Amino acid sequence: MNRASADRYANFKELSQNETEGVDYSVFARTAGKGLLVMSPHGGGIEPGISEIVRAFADRASVYLFEGIKPRGNKDLHVTSACFDDPLAVKMAADHQYVLAFHGYFDPSHCHTLVGGTDRKRAAIFVNALRRHGFSAELQERGARFSGTSPESINNRCKTGLSVQFEISTAQRKAMFGRFSLKGRDGSQNGVFHQYIKAVKEGAAAAYG
Numbered sequence: 006m007n008r009a010s011a012d013r014y015a016n017f018k019e020l021s022q023n024e025t026e027g028v029d030y031s032v033f034a035r036t037a038g039k040g041l042l043v044m045s046p047h048g049g050g051i052e053p054g055i056s057e058i059v060r061a062f063a064d065r066a067s068v069y070l071f072e073g074i075k076p077r078g079n080k081d082l083h084v085t086s087a088c089f090d091d092p093l094a095v096k097m098a099a100d101h102q103y104v105l106a107f108h109g110y111f112d113p114s115h116c117h118t119l120v121g122g123t124d125r126k127r128a129a130i131f132v133n134a135l136r137r138h139g140f141s142a143e144l145q146e147r148g149a150r151f152s153g154t155s156p157e158s159i160n161n162r163c164k165t166g167l168s169v170q171f172e173i174s175t176a177q178r179k180a181m182f183g184r185f186s187l188k189g190r191d192g193s194q195n196g197v198f199h200q201y202i203k204a205v206k207e208g209a210a211a212a213y214g
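Mapping of the sequence shown onto this note's numbering: residues 6 to 214, in sequence order.
Dropping the structure here:
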């Protein structure tokens, strides 16, 4: 596996040898059955707003979340999903039937969500759920930049190989919070956030039962 061109570290092992857990990054993990794992390797300050979205599912699914917690420079902790190999994340993915992954992409102007992954049928369910709740969303074509279909991706290393991947624009994530700073986001979730989570949970109920 080759690192993404913009990534400082080639994989989790290299990252963990140069950064300190509890100071530079943290890992939140919770197991609830072996059905659905909700995860992101890009929480905290890496892709702002993703942590709060993932944690909103801790009441009903297993969760894995890698978070950048530095005062600044959290982008240095970005390891692309195809190279993210934290042993805990790999094991949790392998132990579960399905993965629902959340990521953020840079677009400060448009509130939009790109939904991809290898599980095309369930991805379409999520797109429809978001649209019903008034959110702009589209299904990513296979081979598109954010399609999430690489077999090496941590998202796709579950038992079935079936994943759904959300890529949420900067503008959409920012619209969910009263404060968008690393320390200010938690507790500032607004009505947009709660409506978005409601839409995704409705999609998850329809997709996974």
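C-beta: ideal position from N, C-alpha, C; glycine also. If you're wondering where the values come from, they're calculated on a predicted model, not measured in any experiment.
First through last residue of the alpha helix (DSSP H) which encompasses residue i
i: residue 175; result: 175-179
i: residue 57; result: 55-60
i: residue 144; result: Counting along the chain, residue 144 falls outside any alpha helix (DSSP H), though it belongs to the beta strand (DSSP E) covering 142-144.
Chain-order list of residues whose beta-carbon lies under 6 Å from that of residue i (same chain, five-residue window excluded)
i: residue 63; result: 35
i: residue 6; result: Low confidence applies here, because residue 6 scores a pLDDT of 45, under 50, leaving its location unreliable and the question unanswered by this model.
i: residue 173; result: 109, 118
Selected residue, minimal CA-CA separation from residue i, among the options
i: residue 79; options: 182, 165, 160, 24; result: 24
i: residue 85; options: 12, 103, 119, 193; result: 12
i: residue 131; options: 48, 73, 170; result: 170
i: residue 67; options: 183, 93, 49, 150; result: 93
Limits of the beta strand (DSSP E) - the one that residue i falls within
i: residue 199; result: Counting along the chain, residue 199 falls outside any beta strand (DSSP E), though it belongs to the alpha helix (DSSP H) covering 196-213.
i: residue 17; result: Unbroken run through residue 17 is the alpha helix (DSSP H), 17-23; no beta strand (DSSP E).
i: residue 34; result: 30-35
Which residues DSSP lists as bridging residue i, in chain order
i: residue 41; result: 103
i: residue 110; result: 174
i: residue 49; result: 73
Beta-carbon separation (whole angstroms), residue i vs residue j, contact threshold 8 Å
i: residue 104; j: residue 163; result: 5 Å
i: residue 145; j: residue 152; result: 5 Å
Cβ neighbours of residue i in the same chain (closer than 7 Å, five flanking residues each side left out)
i: residue 113; result: 175, 176
i: residue 180; result: 116, 197
Own chain residues within Cβ distance below 8 Å of residue i, not counting five before or after
i: residue 203; result: 138
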